[in-house]
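Participant: Numbering (our numbering), first residue to last: 24 to 134. Each residue gets a CB set at the ideal place from its N, CA and C atoms; glycine is no exception. Dropping the structure in here first, questions after.
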């Protein structure tokens, strides 16, 4: 049995969050929380919120023991992009693509 949590439409590039996801994937939840707490990036703060939600889902909905939980999956997928334009020289326009992410965490119990 696995518990999951997803945060959608987070206003950060998925590439930036995936670097942090790679650091915590496969680790115990307490170790992953300490890594996220001391990582000085915006994505770490968002990922910590999602991880806390997944832990709460595991404890309350599936009666799992927090001491045996580990991170089975951690990912950041593309969300919709906000397309904006910036003026450039000679009357031209330069596209700005503001990316969003769908951040997900799946936790499971070690046997």
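#1: Ignoring anything shorter than 3 residues or poking outside the stretch 25-72, list the beta strand (DSSP E) runs there in chain order.
#2: Measuring CA to CA, which of 36, 24, 131 and 26 is closest to residue 103?
#3: Out of 67, 41 and 80, which has the shortest C-alpha to C-alpha gap to residue 2?
#4: Got a sec? Which residues, its chain only, sit under 6 angstroms from residue 29 by beta carbon, not counting five neighbours each side?
#5: What residue from 66, 83 and 120 has the CA that sits closest to residue 105's CA?
#6: With 16 other CB atoms within 10 Å as the buried threshold, where does residue 38 fall?
#7: Does the stretch 111-120 come into contact with the stretch 67-85, if we say contact requires no fewer than three beta-carbon pairs (one atom in each stretch) closer than 8 angstroms?
#8: Take residue 55 and list the residues in its own chain whose beta-carbon comes closer than 6 angstroms to its own, dropping the five residues that flank it on each side.
#9: Where do the ends of the beta strand (DSSP E) carrying residue 109 lie?
Facilitator: Judging by the given coordinates:
#1: 25-33
#2: Along the chain shown, one-based indexing puts residue 103 at 80. If we check each option's Cα against that of residue 103, 36 comes out closest.
#3: Residue coverage of the chain in this structure runs from 24 to 134, which leaves residue 2 outside it and unanswerable.
#4: The residue labelled residue 29 in the question sits at position 6 within the chain shown. Hits under 6 angstroms: 127.
#5: As a first step, residue 105 is located in the chain shown; it is residue number 82 there, counting from the start. The candidate whose alpha carbon is nearest that of residue 105 is 120.
#6: Counted from its first residue, the chain shown places residue 38 at position 15. Residue 38 should be labelled exposed.
#7: no
#8: Locating residue 55 in the chain shown gives position 32, where the first residue counts as 1. Taken in chain order, the residues that qualify are 47 and 94.
#9: The residue you call residue 109 lines up with position 86 of the chain shown. Note, residue 109: beta strand (DSSP E), 105-110.
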